[in-house]
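Worksheet: the structure to be examined is printed underneath.
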Amino acid sequence: MLRAFKLGAIVLGVLAGCAQLPTGTADGERLYNAIAIDDVDYIQAAVKSGKLGVNQSISTPGYREGAPLITVAARHAAIRTLRYLIASGANVNARTPIGETALMMASYFRADDGDRGMASGDQHERAVRLLVDAGASLENEPYHYTPLAYAAYQGHQRIVLYLLERGARVNGDVEDGIAYVNTPLMMAAIQGHADTALWLLRAGANARIRVYLGHTAAELAQKNNHGSLASALKCAESLAPGEKFAQRCAGR
Numbered sequence: 000m001l002r003a004f005k006l007g008a009i010v011l012g013v014l015a016g017c018a019q020l021p022t023g024t025a026d027g028e029r030l031y032n033a034i035a036i037d038d039v040d041y042i043q044a045a046v047k048s049g050k051l052g053v054n055q056s057i058s059t060p061g062y063r064e065g066a067p068l069i070t071v072a073a074r075h076a077a078i079r080t081l082r083y084l085i086a087s088g089a090n091v092n093a094r095t096p097i098g099e100t101a102l103m104m105a106s107y108f109r110a111d112d113g114d115r116g117m118a119s120g121d122q123h124e125r126a127v128r129l130l131v132d133a134g135a136s137l138e139n140e141p142y143h144y145t146p147l148a149y150a151a152y153q154g155h156q157r158i159v160l161y162l163l164e165r166g167a168r169v170n171g172d173v174e175d176g177i178a179y180v181n182t183p184l185m186m187a188a189i190q191g192h193a194d195t196a197l198w199l200l201r202a203g204a205n206a207r208i209r210v211y212l213g214h215t216a217a218e219l220a221q222k223n224n225h226g227s228l229a230s231a232l233k234c235a236e237s238l239a240p241g242e243k244f245a246q247r248c249a250g251r
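At position 39 of the sequence shown the residue is numbered 38 (numbering that gives the first Met the number 0), and the sequence of numbers has no breaks.
Written as structure tokens, this is what we have:
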């Protein structure tokens, strides 16, 4: 679960300087490293030379078979590169081989942004807002995780609230009380992100949903030793139709 661009040691080399292109087709490793440090000049030069297309996929540490440039830029919160790709017509809803969108990447990851003088949470929140403003879908294909689920798993509170404000579905895809992937609430419960879970409940998350052949959010919290959160989620399961979480369970 949540396999995507697993971080290893990335050698950034000399790409921080000029945008000198390799001979022949654009080299995947150099392109990846350029995106990782947001060297938009290198990317722009590669596109203008005809060696790279804005919707092209390149090999990455997580996807040797290739991932779209815009998902790589979103994973690294490479704001200048994202802006360039969007302005140049890149598909903001392009997916990785396992169905992850750029918005999911920006919602999930925290990068080491110290060299850019920006706290990592702020940088990725900017990437999220940029993608949403550019028309990125708040959802995903059926039976796939959503940007909200990824943000909830990581406890990215401000991104969770922003996605909810923009209209993300708080429960994702659910049929007759059954989900086929973990809901955002379940994702927060697994990790013990109590504040995130409480915001989701206040936004209308249904604690009674059960993942297919699996657990409810409360059971997942208990299984992962988050007893206090499990208690609040159990209370939420008992709410009558139309009864709000804050009316009965807020103090739990």
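Using N, Cα and C, we set each Cβ at its ideal position, and we do this for glycine too.
| Query | Result |
| --- | --- |
| Residue nearest to residue 167 in terms of C-alpha spacing, selected from 146, 177, 179 and 175 | 146 |
| C-alpha distance - residue 132 paired with residue 235, whole-angstrom precision | 33 Å |
| Sufficient close CB pairs (3 or more, under 8 Å) joining the region 63-72 to the region 81-96 | yes |
| DSSP state of residue 56 mapped onto helix, strand, coil | strand |
| Coarse secondary structure for residue 100, derived from DSSP in three states | strand |
| Beta bridge counterpart(s) of residue 215 as assigned by DSSP | 209 |
| Status (buried if at least 16 other CB within 10 Å, exposed otherwise) for residue 99 | buried |
| With 16 other Cβ atoms within 10 Å as the buried cut-off, status of residue 78 | buried |
| Boundaries (first-last residue) of the alpha helix (DSSP H) holding residue 28 | 27-35 |
| Whole-number beta carbon distance between residue 102 and residue 73, since they are thought to touch under 8 Å | 7 Å |
| Reduced DSSP category for residue 196 - H, G, I as helix; E, B as strand; rest coil | helix |
| Beta-carbon proximity of residue 86 to residue 105, cut-off 9 Å | no |
| C-alpha gap between residue 194 and residue 53, whole angstroms | 38 Å |
| Start-to-end residues for the alpha helix (DSSP H) that takes in residue 227 | 226-236 |
| CA-to-CA distance, residue 107 to residue 187, given in whole angstroms | 12 Å |
| Whether residue 176 touches residue 148 by CB criterion (9 Å) | no |
| Continuous alpha helix (DSSP H) stretch holding residue 47: start and end | 39-47 |
| Residue 189 to residue 34 span [Cα, whole Å] | 32 Å |
| Buried/exposed call for residue 3, threshold 16 Cβ in 10 Å | Model confidence at residue 3 stands at a pLDDT of 40, short of 50, so the residue's coordinates are unreliable; what they give is reported in the following sentence. When all chains shown are included, residue 3 counts as buried. |
| Coarse secondary structure for residue 173, derived from DSSP in three states | strand |
| Contacting residues, own chain, Cβ-Cβ under 6 Å from residue 205 (five flanking each side not counted) | 170 |
| Where residue 29 falls, given that 16 or more other Cβ within 10 Å makes a residue buried | buried |
| Limits of the alpha helix (DSSP H) - the one that residue 182 falls within | Neither: residue 182 is in no alpha helix (DSSP H) and is coded neither H nor E. |
| Closest by C-alpha distance to residue 46, when choosing among 220, 152 and 83 | 83 |
| Within 9 Å, strictly: CB atoms of residue 228 and residue 191 | yes |
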